[in-house]
Amino acid sequence: MVNTSTYHARITVTLRKSILDPQGKAIHHALENLGLSSVEDVRLGKYIEMKIQTGSKEEAERVTREACSRLLANVVMEDFSFTVEKEQL
Amino acid sequence: MTAVKFGVVVFPGSNCDHDAYHILKHVMHQDARYLWHKDSSLEHVDVVILPGGFSYGDYLRCGAIARFSPIMKEVISFANSGGTVIGICNGFQVLCEAGLLPGVLLKNDNMNFVCEFVNLRVENPSTRFTAMCRQGEVLRIPIAHGDGNYYADAETLKQLETGGRVLFRYCEKDGSVTTAANPNGSINNIAGIMNEQGNVMGLMPHPERAADPEIGPTDGQKIFQSLMHCIVTDTHIHEFAAIERS
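If you're matching them up, the sequences are chains D and R in order.
FYI, the numbering for the first sequence is 239 to 327, going by the numbering used here.
FYI, the numbering for the second sequence is 5 to 250, going by the numbering used here.
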């Protein structure tokens, strides 16, 4: 029998620097209205969590990378980054 | 004239499928049928239409989930073997996500959902989608979208522009392409493009919403008429190229 563990992937998807982010701009404007004038720039992205049941951390990372590049992010306009951690029992 | 077989794909959340079906079936008198997203047959249609709407609630990104519907496997292989595919609005987004068209549709730069008639300049009448239009002709067709800001990297854009693959541009009434006439921030005012092989087109405006004389302007009919003409007479893209050169 193969031993598997639960891994938690935490993924961040952000618009590429070269892509205009109108939502980030609108949020920035609202923050300025709040009086938080020191906020220089705002970029809005997505945060995604996945639970992966598999045999190794390397395999969990491979699955996460494939999920990101094939579905979770559109690499024409977005970048992604992630961390993978084994669930502590 | 022989009827052309149109298949209108229905995703959960499509909402312009009935409009497209109505125009093709009852106004243009063609053979139109719905293709359910879970089906795996295109039923030998001549043209596949991916309609407007909010497939899968636009979850994750517009068109990102629809792209994995069972029917899309068939649509992709149909397109890759030269079949004619049109993506309207959300359908355009699905085609970009599926990799059948380059680039992506970003959120409108003004953050508004824009629903209005726009003027579109025909940039290339030598395609199966525009054969019944004149070069530079201005069509009046409505848009209705929040994510129609077309973007592609510089290299892709160059290929689109030099290859005659930009089919429609947002313009003024007189055909001049201005920033003021751009409703969403699209790069180079692009409203519609086709693939390199000339058999797949995506456009943000809704030709099916400007095609029934009972309710308004009918400029949108020209796109469907172009397809009907080219399919019935079996005119292919290389023949258009030959016509242009001679």
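For every residue, glycine included, the Cβ atom is placed at its ideal position computed from N, Cα and C.
Computed from a prediction, not measured in an experiment: that's the story for all the values here.
| query | Is the shortest distance between the beta-carbon of Ala-247(D) and the beta-carbons of chain R less than 9 Å? | reply | In the first sequence, residue 247(D) corresponds to position 9, counting from 1. Chain R contact via Cβ: absent.
| task | Please go through the same chain and pick out, in chain order, the residues whose beta-carbon is closer than 8 Å to the beta-carbon of Asp-216(R), but skip the five residues on each side of it. | result | For the purposes of this step, residue 216(R) is taken as residue 212 along the second sequence, with counting starting at 1. Within the same chain, Asp-216(R) has close Cβ partners His-26, Ile-27, Val-31 and Thr-222.
| task | Using beta-carbon positions only, say whether Asp-35(R) and Ala-7(R) come within less than 9 Å of one another. | result | Counting from 1 along the second sequence, the entry for residue 35(R) is found at position 31. Counting from 1 along the second sequence, the entry for residue 7(R) is found at position 3. Result yes, Cβ atoms of Asp-35(R) and Ala-7(R) sit closer than 9 Å.
| query | In the DSSP assignment, what are the bridge partners of Ile-286(D)? | reply | Counted from its first residue, the first sequence places residue 286(D) at position 48. For Ile-286(D), which the question treats as bridged, DSSP gives the partners Ile-249(D).
| field | Where Thr-302(D) falls: helix, strand or coil (DSSP) | value | Residue numbering aside, residue 302(D) sits at position 64 when the first sequence is read from its first letter. Three-state DSSP puts Thr-302(D) in a helix.
| message | For Thr-160(R), report the span of its alpha helix (DSSP H) as first-last. | response | Mapped onto the second sequence, residue 160(R) falls at position 156. 158-166 is the extent of the alpha helix (DSSP H) around Thr-160(R).
| message | Closer than 8 Å is the cut-off here; do at least three beta carbon pairs connect the region 284-302 of chain D with the region 11-27 of chain R? | response | no
| task | Ignore the nearest five residues each way along the sequence and tell me which others in Leu-143(R)'s own chain have a CB closer than 6 Å to its CB. | result | Translated into positions along the second sequence, residue 143(R) becomes position 139. Excluding residues within five positions, the ones whose Cβ falls inside 6 Å are Leu-124 and Asp-223.
| message | Let's test the definition: count the other Cβ atoms within 10 Å of the Cβ of Ala-246(R) and tell me whether it reaches 16, buried, or not, exposed. | response | For the purposes of this step, residue 246(R) is taken as the residue at position 242 of the second sequence. With a pLDDT of 48 at Ala-246(R), under the threshold of 50, the predicted position of this residue should be treated as unreliable, though the coordinate-derived value follows. Exposed is the call here.
| In three-state terms, what does DSSP make of Pro-146(R)? | Translated into positions along the second sequence, residue 146(R) becomes position 142. Three-state DSSP puts Pro-146(R) in a strand.
| task | Taking all protein chains shown into account, decide if Phe-117(R) is buried (16 or more other Cβ within 10 angstroms of its Cβ) or exposed. | result | Here the question's residue 117(R) lines up with position 113 in the second sequence. Phe-117(R) comes out exposed.
| message | Beta-carbon within less than 7 Å of Met-198(R)'s beta-carbon, same chain only, minus the 5 sequence neighbours each way: which residues are those? | response | The residue you call residue 198(R) lines up with position 194 of the second sequence. Excluding residues within five positions, the ones whose Cβ falls inside 7 Å are Thr-131, Phe-133, Arg-169, Leu-171, Val-204 and Met-205.
| request: For Asn-271(D), return the contacting residues in chain R, with the cut-off set at a CB-CB distance below 8 Å. | output: By 1-based counting over the first sequence, the position of residue 271(D) is 33. Residues of chain R passing the Cβ test: none, with the nearest at roughly 16 Å.
| request: Please compile the residues from chain B whose C-beta is within a distance smaller than 8 Å of the C-beta of Asn-312(D). | output: No chain B appears in the structure shown, which is made up of the protein chains D and R.
| query | What first and last residue would you give for the beta strand (DSSP E) that runs through Asn-123(R)? | reply | For this step, residue 123(R) is matched to residue 119 along the second sequence. For Asn-123(R), the enclosing beta strand (DSSP E) covers residues 118-126.
| said: Which residues does DSSP list as the beta-bridge partners of Asn-274(R)? | reply: Outside the shown range of chain R, which is 5 to 250, sits residue 274(R), and nothing can be said about it.
| query | Buried or exposed: where does Arg-138(R) fall if 16 or more other Cβ atoms within 10 Å of its Cβ makes it buried? | reply | Translated into the one-based positions of the second sequence, residue 138(R) becomes position 134. With fewer than 16 other Cβ atoms within 10 Å, it is exposed.
| message | So the candidates are Gly-152(R), Val-79(R) and Ile-235(R); which of them puts its Cα closest to the Cα of Lys-111(R)? | response | Residue numbering aside, residue 111(R) sits at position 107 when the second sequence is read from its first letter. The option with the nearest alpha carbon to Lys-111(R) is Gly-152(R).
| Helix, strand or coil for Asp-21(R) per DSSP? | Here residue 21(R) refers to the residue found at position 17 of the second sequence. Judged by DSSP in its simplified three-state form, Asp-21(R) adopts helix.
| field | Proximity test, Cβ basis, 9 Å: Met-288(D) and chain R | value | The residue given as residue 288(D) occupies position 50 in the first sequence. Taking Cβ atoms only, chain R never reaches closer than 9 Å to Met-288(D), which makes this a no.
| Taking Cβ positions only, does Asp-157(R) come closer than 9 Å to chain D? | Numbered from its first residue, the second sequence carries residue 157(R) at position 153. Yes, Asp-157(R) counts as interfacial toward chain D.
| request: Could you give the DSSP three-state label for Ala-102(R): helix, strand or coil? | output: In the second sequence, counting from the first residue as 1, residue 102(R) sits at position 98. Coil, per DSSP.
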